[in-house]
Each structure stands twice: as C-alpha cells, then as structure tokens.
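Using UniProt numbering, read the sequence shown as starting at 1 and increasing by one per residue.
Ideal placement from N, C-alpha and C gives every residue a C-beta, glycine not left out.
The structure presented is a predicted model; accordingly, all values stated were derived computationally and were not measured.
All remarks here apply to the structure that follows.
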Amino acid sequence: MVYDRALRVIVWNRFLERATGLSREAAIGKHLDELAPNARLHGITAYLMRALAGEVVVADEFVPRLRGTTELLAAETAVACGDDARLFWTLSSYAPHRNVHGEIDGVW
C-alpha cells in the first residue's frame, strides 16, 4: 500500500484485498483514519509521519488484525480471540515514496 502526503491510499495491492476484504476500488482515496480509526493508538500515524520526513521505520511491535477487516486490534482483544482462524499479526515497515524527481510524495 502507498499513502500520499495527506495519508490517503493511492496504491492498494491484491494481498491487502485478500487480507482485508476491501477492494482496490473501495480503498483508493480513503484516508488512513477511515480505514483504521485506531491507527494512532498503535503508533502507525507517527511511523507514517517519520517516513514522510525521510526516515525508514520498522514498527516497534506486532499488531493483531482480523482477516477480512481493516481493523487493528488491541493485544488483549487478540488474546481473547484465541484460536480464531481469522487472527493474524503484522510487523510493518514504512519508507518514503519518491517521485521521478526524488521528492517524497508519499509513504509505503
């Protein structure tokens, strides 16, 4: 996935379609807060801002998610999900996305 400088989705790949159940057409143009309202609680907004400033960032911890949704879960909620086959954990990295002139125009 790639976000522009305003944190709106400009690239949404097939893996994300399968993982979230959200089509490319539905995701493109959506703001991070629309897709994952609790992204700030997981530090994702801060990671994205650091990447927009030119830094390559790896998240500090894994984030639990439920396949078929864009929801980011609290660790306690994930533990309560137990053996739910939809549960998976992600450790994300974020890097500046540059245009043909080398200017940062987003983050991926």
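Are there 16 or more other CB atoms within 10 angstroms of the CB of residue i, so buried, or fewer, so exposed?
{"i": "PRO37", "result": "exposed"}
{"i": "ALA78", "result": "buried"}
{"i": "ALA46", "result": "exposed"}
{"i": "LEU41", "result": "exposed"}
{"i": "TRP89", "result": "exposed"}
{"i": "ILE28", "result": "exposed"}
{"i": "ALA39", "result": "buried"}
{"i": "ARG65", "result": "buried"}
Residue i and residue j: beta carbons closer than 8 Å?
{"i": "LEU22", "j": "MET1", "result": "no"}
{"i": "ALA6", "j": "ARG67", "result": "no"}
{"i": "PHE62", "j": "LEU91", "result": "yes"}
{"i": "LEU72", "j": "CYS81", "result": "no"}
Report all residues from its chain with a CB closer than 6 Å to the CB of residue i; omit the five preceding and five following residues, and keep chain order.
{"i": "ILE10", "result": "VAL2, ASP4"}
{"i": "LEU35", "result": "THR70"}
Could you pull out every residue in the same chain whose Cβ sits closer than 7 Å to the Cβ of residue i, ignoring the five residues on either side in sequence?
{"i": "GLY54", "result": "PRO96, ILE104"}
{"i": "ALA51", "result": "VAL57, TYR94, ALA95, PRO96, VAL107"}
{"i": "ARG8", "result": "GLY29, LYS30, HIS31"}
{"i": "TRP12", "result": "MET1, ARG24, ALA27, ILE28"}
Does any CB atom of chain D fall closer than 8 Å to the CB of residue i?
{"i": "THR90", "result": "Protein chains in the displayed structure number just one, and chain D is not present."}
According to DSSP, residue i sits in a beta bridge with which residue or residues?
{"i": "ILE104", "result": "ARG98"}
{"i": "PRO64", "result": "TRP89"}
{"i": "ARG8", "result": "HIS31"}
Could you tell me the alpha carbon to alpha carbon distance between residue i and residue j, rounded to whole angstroms?
{"i": "ASP84", "j": "MET49", "result": "33 Å"}
{"i": "ILE44", "j": "ALA59", "result": "8 Å"}
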